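Counted the way our numbering counts, the sequence shown spans residues 411 to 1211.
Here the structure is laid out as structure tokens; the discussion comes afterwards.
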Amino acid sequence: MFNRDNLFGGRQQPQQPPRSPQPPSRQQPQQQPHSQPYDQEPKGNSRSAMAAPPASGRRTQLRPAKSPDNSYTFGNISAVSSQDVPPQHDGTDQYLLVNGQYVISARPIGQFPRGQISMSDAQRTWMQVALTDVVEIEPYDPFSGTLQSYLGSMDIEVGFAGRKTTDIPYDQDELAQAFVHNYKNQIFAPGQQILMDYRSIPLRLTVRTVELVDLRSMKSTGDTKQHTSPQARGILTQESAVNWFKDAKSPIALKGSTRRPAANSVIRPDFKFEDMGIGGLDKEFSDIFRRAFASRIFPPGLAEKVGIQHVRGILLFGPPGTGKTLIARQIGKMLNAREPKVINGPEVLNKYVGQSEENIRKLFADAEKEQKEKGDESGLHIIIFDELDAVCKQRGSGAGGGTGVGDSVVNQLLSKLDGVDQLNNILLIGMTNRKDMIDEALLRPGRLEVHMEISLPDEHGRAQILKIHTAKARENGRLAADVNLEELARDTRNFSGAEIQGLIRSATSFALQRHVKGGTVAALTDDVVDMQIRMEDFVRALEEVHPLFGVSEEDLDRCVEGGIIRFSPHVDKILKNGRLFVEQVRSGTTPLLSVLLHGPHGSGKTALAARIAMDSEFPFCRLVRPVDMVGMNEIQKIQHLQKAFTDAYKSPLNVLVLDNIELIVDWVPVGPRFSSAVLAAIKGLMDNKPPKGRPLLILATTSERTVMHQLQLVFKAQIAIPNVRTQQELAHIMQESGAFDPEGISRAIGDIESTTESRDIGVGVSQVLLGIQTAMQDPDRAGRFAEVMAETIADAHGTSV
């Protein structure tokens, strides 16, 4: 806050250029009789002196002349004859209005030639007058208006004024202190040029903008913006803040200020995360801000003293549709200045030799130019690189068709990010779905050092996304009252942001369909203006839109089409053990648990594994079957398995079902026995612990338990799946099927026993169900079933019927 009592407390004094951060003492010239000499130190302006203009109050035409000596040139003071401008009674400097638009501080002295006014080269350049011109002056009263305007702050561009230069950076705070000391109580306006001698080196200062305040009301003049109009004049006070900027054409170097926020600060003071319209990524945005932007809002001088190194690169990776590109697109809303450059990876590549590398250099050209001109005061240049993996693959991998273009592009990008000439005014934001494909040199600290995973949103995040995408419909009354967004957030497990948006579009299409006239395609009903999206529309949309990383419901449902028939206490025990294993993983006690379900062919291993997976209600459930790998070679099979495990690591709870694992490793009893490469891949993937907070349950099925021992494929737990053993179990299955009456069941059991001469059944439940389906085609179901089962039992026992 300004202190009015201190405003005119100092003396307006011309001085020799300071040779140190502290202004030197002034030399007092010898007094001349009967007049005030050129260099006599005048008394400082007082409030009463400034309030009263000279008595003459008339306009006078004067001719510009050179300054009497350096104290006027570097003191920004004009000399006039006391006969042209009568001096104040206390000998203070006066404000003069030149040509009706420029205000200067003038000092009447007796020995200065009449009809002239001294002007430095900087003053003449500012007012656009020559020594041969004639200027018109008149007294200027800064308090004659309704407001008294003082300088709250001013932005000054500084550069060397002559050939004498230095490589030593100037401390902005010390420079501001010397400026206020030299020119306190003078009036400045945008566009004004000043010569200042600092440490025996002439500097040329150009006022770019000013902020005005009213000391009388202790408030701003109503607009705190930086004024650029030459009429926006203000008086420099002890409390005025001076911000320095490097002249782009001058080699002068400035140290960062330890008090003033950085000129290249990129965050708007009024910025709020909720304004970006991105849901479920609050933590990610906070981390991005902390790592990449927080250091840039502090004063650069303070950052230099602490030794802060700005982050120059961020890598956003994660599943498709989670908001990586949306984050980059919305980052522009956080910025104070220029819009970020956005480029897609494939756009960099060019068929001409060297053009791809040139495209990379062009991205950094503006940043390099501004870095040379402004140094630490350079604005931040943000480059958004989408689909980074398209051009930054591992070097030596053959990317680029064997021409080496891919390697050259990576090398060019590495040199620009962290080469010999480091750029401190850039931030590269790369995005990819395949972090594993990017060259490792790009991912080290100093380059793309911040790795931020944009994962699938949790329930809270999904609720935020649903609110964002239904906001317009809700505001306009197009969202029915029965729509429960919290319930939808629970039902959309493992939906990405893009998939939730697709779900809303699907629900909207169902709502629109209600207002299409029957038998037509485009004719609408009259009540279309009352269209609303209801909860039933979202329910139907959930049946149509499925998440990419969700539950493989269709595959798992197909495995348990007939349901689970609890024909034996063993079945209940198997399902109970499965639930316990699920809870063991859910609780985090065991982040990685592999369970082998083994038993004879047709015993229901796949159905039980699928039921355990579905009952777990884990967000991610995936079935991996040998049929999915038909036609694949070893490398393709390994990639398929690796992708299944990698996808499983994207969700907070995951289940993988490896069906018929012996077939996945290509095991056969004769010939080449198995694929060692696929087996090694499965072993490695099963032993690799998932990321923290991403537990995984692996359910594998096999009919060759002994083979698993031979292949040394070890599981942490095993569940035995038995066949149908007794007649009671067989009868229970027949009863559950609903295809037989009690008399038919008894007759079929008796026929089977008499035919096989044994009470032991010993066949799989799937074979029993197949026998029932076959018998249903015959009028004599019981007899046909007994016949089929007798043959199956005899075959299983190795006997003949």
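Heads up, the beta-carbon is just placed ideally off N, CA and C, and yes, glycines get one too.
For clarity, every value in this text was computed on a predicted model and none was experimentally measured.
So, do the stretch 1032-1049 and the stretch 1125-1134 have three or more beta carbon pairs nearer to each other than 8 Å?
Touching, no, given that fewer than three Cβ pairs across the two stretches are closer than 8 Å.
I believe Asp1069 touches Thr1016 by the beta-carbon criterion, under 8 Å. Please report the beta-carbon distance rounded to the nearest angstrom.
Translated into the one-based positions of the sequence shown, residue 1069 becomes position 659. Translated into the one-based positions of the sequence shown, residue 1016 becomes position 606. That pair is a contact at about 5 Å.
Roughly how far, in whole angstroms, is the beta-carbon of Phe484 from the beta-carbon of Leu605, given that I think they are within contact range, below 8 Å?
Locating residue 484 in the sequence shown gives position 74, counting from the first residue. Locating residue 605 in the sequence shown gives position 195, counting from the first residue. Yes, Phe484 and Leu605 are in contact; Cβ-Cβ is about 5 Å, under 8 Å.
Just the Cα atoms here: how many angstroms apart are Ser528 and Val716?
Numbered from 1 along the sequence shown, position 118 holds the residue referred to as residue 528. Numbered from 1 along the sequence shown, position 306 holds the residue referred to as residue 716. One C-alpha to the other measures close to 47 Å.
I need the boundaries of the beta strand (DSSP E) containing Thr1111, first residue and last residue.
Looking up residue 1111 in the sequence shown gives position 701. Counting along the chain, the beta strand (DSSP E) containing Thr1111 begins and ends at 1106-1112.
Integer Cβ distance of Gly1174 from Gly1012, believed to fall under 8 Å
In the sequence shown, counting from the first residue as 1, residue 1174 sits at position 764. In the sequence shown, counting from the first residue as 1, residue 1012 sits at position 602. Between Gly1012 and Gly1174 the Cβ distance is about 3 Å, and since that is below 8 Å, they are a contact.
Cβ-based burial, Met1199 [other Cβ within 10 Å; buried from 16]:
Counting from 1 along the sequence shown, the entry for residue 1199 is found at position 789. Buried is the call here.
Confirm, please, whether the CB-CB distance from Met841 to Ala738 is below 8 Å.
Translated into positions along the sequence shown, residue 738 becomes position 328. Translated into positions along the sequence shown, residue 841 becomes position 431. Against a cut-off of 8 Å, the Cβ pair of Met841 and Ala738 comes out as a contact.
State the DSSP-derived secondary structure class of Glu797, mapped to helix, strand or coil.
Within the sequence shown, the letter at position 387 stands for residue 797. Glu797: coil per DSSP, three-state reduction.
Residue from Leu725, Ile836, Asp697 whose Cα sits closest to the Cα of Lys751:
Taking the first residue of the sequence shown as position 1, residue 751 is located at position 341. Here the closest residue by C-alpha is Ile836.
Where DSSP assigns a beta bridge to Pro549, which residues make up the other side?
As a first step, residue 549 is located in the sequence shown; it is residue number 139 there, counting from the start. DSSP lists Leu506 as partners of Pro549.
Can you find the residues in the same chain that come closer than 8 Å, C-beta to C-beta, to Gly632, ignoring five residues on each side of it along the sequence?
Working through the sequence shown from its first residue, we reach residue 632 at position 222. Low confidence applies here, because Gly632 scores a pLDDT of 46, under 50, leaving its location unreliable; read the following figure in that light. Contacts found: none.
Return yes when the Cβ of Ile718 is within less than 8 Å of the Cβ of Ile792, no when it is not.
Sequence index remark: in the sequence shown, residue 792 carries index 382 (1-based). Sequence index remark: in the sequence shown, residue 718 carries index 308 (1-based). No, they are not a contact pair.
Enumerate in chain order the residues of its own chain whose CB-to-CB distance from Asp967 is below 6 Å, with the five nearest sequence positions on each side excluded.
Translated into positions along the sequence shown, residue 967 becomes position 557. Cβ within range, chain order: n/a, list empty.
What is the residue span of the alpha helix (DSSP H) that Asn592 lies within?
As a first step, residue 592 must be located in the sequence shown, where it is residue number 182. Counting along the chain, the alpha helix (DSSP H) containing Asn592 begins and ends at 582-593.
Taking the C-alpha atoms as reference points, what is the distance between Gly1094 and Glu850?
Here residue 1094 corresponds to residue number 684 of the sequence shown, with the count starting at 1. Here residue 850 corresponds to residue number 440 of the sequence shown, with the count starting at 1. The straight-line gap from Cα to Cα measures roughly 22 Å.
Using a 10 Å radius around the Cβ and a threshold of 16 neighbouring Cβ atoms, would you call Arg903 buried or exposed?
Against the sequence shown, residue 903 aligns to sequence position 493. Arg903 counts as buried, since at least 16 other C-beta atoms from the protein chains shown sit within 10 angstroms of its C-beta.
What residue ranges within the stretch 970-1019 form continuous beta strand (DSSP E) runs of no fewer than 3 residues, ordered along the chain?
1002-1008
Cβ shell of Tyr512 (< 6 Å), same chain only, five flanking positions each side left out:
The sequence position of residue 512 within the sequence shown is 102, counting from 1. Contacts found: Met537.
Tell me whether the stretch 514-529 and the stretch 563-574 touch, counting them as touching only if at least three CB pairs, one residue from each stretch, are closer than 8 Å.
Short answer: they don't touch.
Would you kindly report the start and end of the unbroken beta strand (DSSP E) that includes Gln526?
The residue you call residue 526 lines up with position 116 of the sequence shown. Note, Gln526: beta strand (DSSP E), 526-528.
Please report the distance separating the alpha-carbon of Glu859 from that of Asp828.
Walking along the sequence shown from the start, residue 859 turns up at place 449. Walking along the sequence shown from the start, residue 828 turns up at place 418. Going from the Cα of Glu859 to the Cα of Asp828 covers about 11 Å.
Ile836, enclosing beta strand (DSSP E) - first and last residue
As a working mapping, residue 836 is identified with position 426 in the sequence shown. Ile836: member of the beta strand (DSSP E) spanning 836-842, first to last residue.
Assigned exposure category for Ile514 - 16 Cβ within 10 Å defines buried:
Counting from one through the sequence shown, the residue named residue 514 turns up at place 104. Buried, since its Cβ has 16 or more Cβ neighbours within 10 Å.
Take Arg996 as the anchor and find which of Ser978, Thr935, Val1034, Phe1028 has the nearest alpha-carbon.
Translated into positions along the sequence shown, residue 996 becomes position 586. Of Ser978, Thr935, Val1034, Phe1028, the residue nearest in Cα terms is Phe1028.
Reduced DSSP secondary structure (H/G/I, E/B, other) of Leu725
Numbered from its first residue, the sequence shown carries residue 725 at position 315. Strand at Leu725.
Where Gly871 falls: helix, strand or coil (DSSP)
Indexing the sequence shown from 1 puts residue 871 at position 461. Residue state, collapsed to three classes: helix.
Nonlocal neighbours in the same chain, by C-beta distance under 8 Å from Leu934, ignoring five residues either side:
As a first step, residue 934 must be located in the sequence shown, where it is residue number 524. When the five nearest sequence neighbours on each side are left out, the beta carbons in the same chain lying within less than 8 Å of the beta carbon of Leu934 are those of His925, Val926, Lys927, in order along the chain.
Hey, could you find the ends of the beta strand (DSSP E) Thr619 is sitting in?
The residue labelled residue 619 in the question sits at position 209 within the sequence shown. Note, Thr619: beta strand (DSSP E), 611-624.
Check whether the stretch 727-736 and the stretch 863-872 touch, using three or more Cβ-Cβ pairs below 8 Å as the test.
yes
Coil, strand or helix - Val1080 by DSSP:
Here residue 1080 is taken as the residue at index 670 of the sequence shown, counted from 1. Note: Val1080 maps to coil in three-state DSSP.
For Asp581, collect the residues of the same chain with a Cβ closer than 6 Å to its Cβ; drop the 5 residues on either side in sequence, then sort them by chain order.
In the sequence shown, residue 581 corresponds to position 171, counting from 1. Lys665, listed in sequence order.
Curious, which full-length beta strand (DSSP E) runs of at least 3 residues does the stretch 475-519 contain?
Within the stretch 475-519, the complete beta strand (DSSP E) runs of at least 3 residues are 487-491, 504-508, 512-519.
With a Cβ-Cβ cutoff of 8 Å, do Phe1030 and Val1075 count as a contact?
Your numbering for residue 1030 matches position 620 in the sequence shown. Your numbering for residue 1075 matches position 665 in the sequence shown. The answer is no: Cβ separation not under 8 Å.
Output the boundary residues of the beta strand (DSSP E) element that contains Gln1046.
Residue 1046 sits at position 636 when you count from the first residue of the sequence shown. Counting along the chain, Gln1046 falls outside any beta strand (DSSP E), though it belongs to the alpha helix (DSSP H) covering 1044-1058.
Which of the three DSSP states, helix, strand or coil, is assigned to Ser865?
Taking the sequence shown and counting its residues from 1, the one referred to as residue 865 is at position 455. Note: Ser865 maps to coil in three-state DSSP.
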